[in-house]
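Engineer: The sequence shown begins at 28 in this note's numbering and counts up by one.
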Amino acid sequence: DPVKFLDTICREKFETFINQKYQELADYTNAYEQKMVMSREVIADKGIWTAKKRYILNVHNSEGVQYAEPKLKMMGIESVKSSTPQVCRDKIKDALQLIIDGTEKDLNTFIQDFRKEWLDLKPNMIAFPRSCNGLRKWGTTNGIFKKGCPMHVKGALLYNYQLKDKRLDKKYPEIMEGEKVKFVYLKSPNPFQTNVFTFLTECPKELEVQKYVDYEKQFEKSYVEPLKFITNSIGWQIDESYGTQTTLLDFFG
């Protein structure tokens, strides 16, 4: 087993040698106590780096723990960010596993299948989660929001305005400072005359927001763009026609 062999070499040779040199350095500098310790982190057979501290590794052994099946270790990737919709986090992890184990065609087929599911999801499933701060700072008395207002705050101020305007403020709670919210992009034109809408857990059905949600932009921003950081670094292309355009390669088989 090459993984167990590498683990043994690291423990018995590399770590022992480096720790010995640490002790020599401590003696040379007359350190009060030698506290530097070397230990190996992971053994992986595949890895992709997109930038400093942004990578995925196919790990077989982590800090001496041997896995029966390899596990992905991710750093700085959208699937582990709380600002990414949960449904995308799960599907990004699945896509990354395909990038490690599958082919470019496998990945594009997976993305196309997920997009079909995506178009039927409710707004609360595909919305970006955020914390809402600055309602008083960005609100205005002679309008709804000031110029330069952050997108999710703009949507929150619009939400509060719509509740009062449609007399729904007794049925649905307003968004308050510091609350956890979700926001979605809107298609133009729309009756709200803006490109974003924010809500708490569910969109009030009376506002009919779902009719104007820009599902394509949501998919691009929350799912495709994060994957591009990976695919661009390995020379893979994501078919952004999502299978609707036939290539010469498809035509000739």
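Note that CB positions come from ideal geometry on N, CA and C, so glycine has one too.
All of these numbers come straight from a predicted model, not from anything done at the bench.
#1: I think Q93 touches V30, with their Cβ atoms under 8 Å apart; what is that distance to the nearest whole Å?
#2: Sort M65, R38, D34 by Cα distance to Y49 and report the nearest one.
#3: What three-state label does DSSP hand E235 in the structure shown?
#4: Once the 5 residues before and after G161 are set aside, which same chain residues still bring their CB inside 6 Å of it?
#5: Counting pairs of beta carbons, one from the stretch 203 to 219 and one from the stretch 233 to 253, are three or more of them closer than 8 Å?
#6: Leaving out five residues on either side along the sequence, give the residues of the same chain with a beta carbon under 6 Å from the beta carbon of L184.
#7: Which word fits P200, buried or exposed, when buried means at least 16 other C-beta atoms lie within 10 angstroms of its C-beta?
#8: Can you name the start and end residues of the alpha helix (DSSP H) that A71 belongs to?
#9: For N85 versus K73, is the C-beta spacing smaller than 7 Å?
#10: Let me check understanding here. Comparing Cα to Cα, which of D140, T221, L148 lies closest to E267?
#11: Count Cβ pairs between the stretch 248 to 255 and the stretch 118 to 131 that sit closer than 8 Å; are there 3 or more?
#12: In three-state terms, what does DSSP make of L185?
#13: Taking the alpha helix (DSSP H) that N259 falls in, what are its first and last residues?
#14: Hey, which unbroken runs of the beta strand (DSSP E) at 3 residues or more fall wholly within the stretch 99 to 158?
Structural biologist: According to the data block:
#1: Taking the first residue of the sequence shown as position 1, residue 93 is located at position 66. Taking the first residue of the sequence shown as position 1, residue 30 is located at position 3. Between the beta-carbon of Q93 and that of V30 there is about 7 Å, and that keeps the pair under the 8 Å contact cut.
#2: Working through the sequence shown from its first residue, we reach residue 49 at position 22. For Y49, the closest C-alpha among the options M65, R38, D34 is that of M65.
#3: Taking the sequence shown and counting its residues from 1, one reaches residue 235 at position 208. In the structure shown, E235 sits in coil (DSSP, three-state: anything other than H, G, I, E or B).
#4: Along the sequence shown, one-based indexing puts residue 161 at 134. Result list for G161: V180, in chain order.
#5: Remark: three or more beta-carbon pairs, one from each stretch, lie closer than 8 Å, so the stretch 203 to 219 and the stretch 233 to 253 are flagged as touching.
#6: Against the sequence shown, residue 184 aligns to sequence position 157. Cβ-Cβ distances below 6 Å link L184 to G166, I171, F172 in the same chain, with the five nearest sequence neighbours on each side left out; the list follows chain order.
#7: Stepping through the sequence shown from its first residue, residue 200 is reached at position 173. The residue in question, P200, is exposed, as its Cβ has fewer than 16 Cβ neighbours within 10 Å.
#8: As a working note, residue 71 is residue 44 in the sequence shown. Here A71 belongs to no alpha helix (DSSP H); instead the beta strand (DSSP E) covers 69 to 78.
#9: Position 58 of the sequence shown, counted from the first residue, corresponds to residue 85. Position 46 of the sequence shown, counted from the first residue, corresponds to residue 73. Result yes, Cβ atoms of N85 and K73 sit closer than 7 Å.
#10: Sequence index remark: in the sequence shown, residue 267 carries index 240 (1-based). Of the listed residues, the one whose Cα sits closest to E267 is D140.
#11: With the cut-off at 8 Å, the stretch 248 to 255 and the stretch 118 to 131 touch.
#12: As a working mapping, residue 185 is identified with position 158 in the sequence shown. L185: helix per DSSP, three-state reduction.
#13: For the purposes of this step, residue 259 is identified with residue 232 of the sequence shown, where counting begins at 1. Element bounds for N259: 252 to 261.
#14: With a minimum length of 3 residues, the unbroken runs of beta strand (DSSP E) contained wholly in the stretch 99 to 158 fall at 155 to 158.
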